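Following: one structure in structure tokens, then a few remarks.
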Amino acid sequence: MLTIGILAIQGAFIEHEKRLKGLKINTFEIRQLSDLTKDMDGLILPGGESTAMKRLLIDLNMFESLKKRINDGLPTFGICAGLILLAEDIVNEIPHLGLLHISVMRNYYGRQKDSFKTIGKSKNQEIPMTFIRAPKIMSIKKDVIPIAWYNHDIVGVLEGHLLGTTFHPELDRSNVIYEIFIDLIKTNKKTG
Ligand code: GLN
60 MLTIGILAIQ GAFIEHEKRL KGLKINTFEI RQLSDLTKDM DGLILPGGES
110 TAMKRLLIDL NMFESLKKRI NDGLPTFGIC AGLILLAEDI VNEIPHLGLL
160 HISVMRNYYG RQKDSFKTIG KSKNQEIPMT FIRAPKIMSI KKDVIPIAWY
210 NHDIVGVLEG HLLGTTFHPE LDRSNVIYEI FIDLIKTNKK TG
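The working numbering numbers the first residue of the sequence shown as 60 and each following residue consecutively.
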């Protein structure tokens with residue numbers, strides 16, 4: 060059985076626990092430094108508020124250890140604020156973990172569309188997508204593979220062991236994005 064650690068210091072982590080349980084995956088919450096030393100096959104950085112999350116990671120002395128675990132190859136899925144944490148570049152702001160080779164602009168979709176549900180595409184299927192004060196992926200570097208789209212915007216990316224979406228798959232019924240993450244973890248277990 061696979062085990063996924065979910066960063067649980069801020070934001071929308073409980074929804075991921077519920078969804079992963081439904082997919083017969085073990086989960087545990089990462090709340091302090093010692094949790095980062097536990098065995099896990101994958102890691103979720105949930106949505107929330109990226110600057111608050113970064114501040115808490117520093118205050119709890121978790122930032123460098125988290126960065127090292129991810130950098131060492133732990134399959135990691137960043138959702139919205141989690142994707143912002145992973146990004147190499149944030150327009151007009153200082154990046155955080157800086158591991159995923161994309162540029163993002165925070166709160167791109169603006170006030171009137173603060174949060175919205177729509178239909179996008181992934182794996183040649185139409186899937187529901189929920190955006191909440193979402194960032195936009197402005198550009199990607201050459202090793203980054205787009206895996207999800209909303210209109211012409213890239214809203215999901217994969218780069219090696221890193222997966223990220225600007226929408227919240229935990230809030231809709233489709234399992235497509237979770238399946239992509241689970242496949243990534245399984246491939247990593249075989250080769251790693
Ligand atoms: N706007 C938030 C940020 O910039 C992200 C929102 C979310 O995770 N739903 O961190």
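All residues carry an ideal CB built from backbone N, CA and C; glycine is no exception.
Predicted, not measured: the structure shown is a model, and the values here were computed from it.
Does the segment 104-118 come into contact with the segment 131-144, if we say contact requires no fewer than three beta-carbon pairs (one atom in each stretch) closer than 8 Å? yes
What does a CB cutoff of less than 6 Å around L156 pick up in its chain, not counting 5 residues either side in sequence? K126, L144, L145
Extent of the continuous alpha helix (DSSP H) run through M60: M60 -> no alpha helix (DSSP H), and no H or E assigned at all.
Using only the heavy atoms of ligand 2, determine whether one of them is closer than 6 Å to the beta carbon of A140. As presented, the structure is devoid of ligand 2, carrying ligand 1 as its sole ligands.
Alpha carbons only, please: which of G215, R170, G64, K182 is nearest the one belonging to R128? G64
Considering only their Cβ atoms, is the gap separating F136 from F240 smaller than 7 Å? yes
Element boundaries [beta strand (DSSP E), containing H160]: 159-164
Tell me, please, which residues DSSP counts as bridged to D94. Per DSSP, none; premise fails for D94.
So is L82 buried or exposed if we call it buried at 16+ other beta carbons inside 10 Å? exposed
When you compare the CB of L145 with every CB in chain E, is at least one pair closer than 7 Å? No chain E appears in the structure shown, which is made up of a single protein chain.
Burial state of T224 (16 or more Cβ within 10 Å): buried
How long is the line joining the alpha carbons of E88 and N130, rounded to whole angstroms? 20 Å
Element boundaries [beta strand (DSSP E), containing F240]: That residue, F240, is in no beta strand (DSSP E); its alpha helix (DSSP H) goes 235-250.
Count the other CB atoms within 10 Å of the CB of L100; is the residue buried (16 or more) or exposed (fewer)? The sequence given here places Asp at residue 100; Leu does not occur at that position. By the neighbour-count rule (16 or more Cβ atoms within 10 Å), D100 is buried.
Is the beta carbon of I143 within less than 6 Å of some heavy atom of ligand 1? yes
As a quick exercise: from H220, R192, G179, pick the residue whose alpha carbon is nearest that of H211. G179
Could you check whether S198 and S174 sit closer than 7 Å to each other, using their CB atoms as the reference points? no
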